[in-house]
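K.L.:
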């Protein structure tokens with residue numbers, strides 16, 4: 014088992030023989046990161062490529078934050094979170110350990126019929142995106158402000174990945190739509206509120222939908238276990254690093270299953286004598302004010318989740334009976 018790390022546009026260009034050749038022709042040499050990004054930014058503005066501008070700004074934001082990368086070591090955990098059930102509530106939201114980070118999955122991890130690529134994840138409000146991501150990007154690479162100040166502060170979940178051919182795919186979905194998607198209430202193609210929409214074909218949409226469910230599930234799991242499954246450091250397995258990088262260039266974190274989260278199997282019994290009739294895990298969003306007091310008083314309301322270990326006394330589909 015090995016892990017591949019998400020590649021930025023610059024890293025992909027210098028790693029591909031064809032793109033490296035084109036880059037050398039354009040510059041006369043292999044440019045450094047900043048020179049490459051400045052040229053790209055000017056081209057994106059000239060061609061009105063708003064999506065390209067947005068994804069370049071995200072990648073630059075990731076680099077400026079030290080390239081936080083979370084390695085998900087447990088394939089079974091990934092699958093379980095994909096098929097899990099989530100009770101969201103009216104104001105449910107997600108919280109992340111970093112404002113922007115990447116997920117790396119074990120090689121050949123197949124979920125929902127697609128092999129999971131490494132992906133870049135940004136979970137931020139529009140005000141934070143403007144202040145901490147696009148404004149510094151504009152100042153450094155364009156010399157002027159390009160993005161207008163947002164009038165609202167909606168929270169978006171943005172996910173980017175590269176196809177095997179190197180094309181960057183991205184969707185940014187408002188958090189309320191994410192809550193619907195993880196519960197199968199709608200499909201990615203039906204979501205109405207996108208930030209810089211990108212049209213995707215059926216396979217690409219399936220990949221983004223799958224990644225959205227998994228990313229949301231992993232963040233919910235992180236909340237439900239109060240971060241006990243996340244630890245500093247790189248996994249012991251082989252890591253495929255992008256060209257011109259070492260581990261020093263990344264903030265490595267490993268995410269694995271922990272004792273507090275043990276999915277129940279169909280027909281098993283817990284210590285209370287209840288027979289579990291469903292194997293899916295169940296997570297519930299915490300909404301009441303009492304859940305945001307004491308050590309949780311600084312947590313945004315609606316961001317906390319709890320794992321219900323197979324027996325749920327509130328939701329009909331989790332039937333229980335004496336063993």
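Residue numbers (the working numbering): 14 to 336. Note that beta-carbon positions come from the ideal geometry of N, C-alpha and C, so glycine has one too.
(1) Can you list, in chain order, the residues of its chain whose CB lies under 8 Å from that of residue 15, leaving out five sequence neighbours each side?
(2) In the DSSP output, what is residue 220 paired with across the bridge?
(3) Thinking just about the alpha-carbon of each residue, which of 226, 242, 309, 258 is nearest to the one in residue 94?
(4) Taking 6 Å as the limit between beta carbons, can you name the residues of its chain near residue 50, skipping five residues before and five after?
(5) Kindly indicate which three-state DSSP category residue 86 falls into: helix, strand or coil?
(6) In angstroms, rounded to a whole number, what distance separates the CA positions of residue 248 and residue 69?
(7) With 16 as the cutoff for other CB atoms within 10 Å, does residue 67 come out buried or exposed?
(8) Beta-carbon separation of residue 108 and residue 232 under 8 Å?
(9) Roughly how many angstroms separate the alpha carbons of residue 196 and residue 299, rounded to a whole number?
(10) List in chain order: all unbroken alpha helix (DSSP H) runs of 4+ residues lying wholly within the region 139-175.
(11) What separation, rounded to the nearest whole angstrom, lies between the Cα atoms of residue 181 and residue 221?
(12) Using the rule of at least 16 other Cβ atoms within 10 Å of the residue's Cβ for burial, across every protein chain shown, is residue 40 buried or exposed?
(13) Would residue 104 pass as a contact of residue 140 if the rule is Cβ separation under 8 Å?
(14) In terms of residues, what are the limits of the beta strand (DSSP E) holding residue 265?
(15) Within 10 angstroms of the Cβ of residue 54, are there 16 or more other Cβ atoms? Answer buried if so, exposed if not.
(16) Report all residues from its chain with a CB closer than 8 Å to the CB of residue 316; omit the five preceding and five following residues, and keep chain order.
(17) Under a Cβ-count criterion, where at least 16 other Cβ atoms within 10 Å of its own Cβ denotes burial, should residue 42 be classed as buried or exposed?
(18) Excluding the five sequence neighbours on either side, which residues of its own chain have a C-beta within less than 7 Å of the C-beta of residue 293, listed in chain order?
(19) Mind reading off the beta-carbon distance from residue 223 to residue 127? Whole number of angstroms is fine, and I expect it under 8 Å.
(20) Helix or strand or just coil, what does DSSP make of residue 225?
(21) Looking at C-alpha atoms only, which residue of 35, 320, 239, 175 is the closest neighbour of residue 134?
(22) Is residue 17 helix, strand or coil when you go by DSSP?
(23) Check the C-beta distance from residue 194 over to residue 169 and give it rounded, since I have them as a contact under 8 Å.
(24) Indicate whether residue 75 and residue 27 have their beta-carbon atoms separated by less than 8 Å.
(25) Considering only residues of the same chain and omitting the five flanking positions on each side of residue 90, which have a CB-CB separation below 6 Å?
(26) For residue 302 and residue 309, I'd like the C-alpha separation in whole angstroms.
(27) Expressed to the nearest angstrom, what Euclidean distance is found between the alpha-carbon atoms of residue 65 and residue 184?
(28) Report the option in 245, 234, 242 whose CA atom is closest to the CA atom of residue 297.
P.N.:
Inspection of the coordinates gives the following:
(1) 119, 120, 250, 251, 252, 253, listed in sequence order.
(2) Note: residue 220 sits in no beta bridge, so no partner.
(3) 226
(4) 154
(5) coil
(6) Take the alpha-carbon of residue 248 and the one of residue 69: they are about 28 Å apart.
(7) buried
(8) Going by C-beta atoms, residue 108 is nearer than 8 Å to residue 232.
(9) 16 Å
(10) 148-154
(11) Whole-angstrom Cα-Cα distance: 12 Å.
(12) exposed
(13) no
(14) 264-268
(15) Here residue 54 is buried, its C-beta having at least 16 other C-beta atoms within 10 Å.
(16) 106, 107, 108, 236
(17) Under this definition residue 42 is an exposed residue.
(18) 96, 97, 98
(19) 5 Å
(20) helix
(21) 175
(22) Annotated three-state conformation of residue 17 is strand, per DSSP.
(23) Not a contact, Cβ separation roughly 13 Å.
(24) It is not a contact, given that the beta carbons lie outside the stated cut-off.
(25) 270
(26) 10 Å
(27) 12 Å
(28) 234
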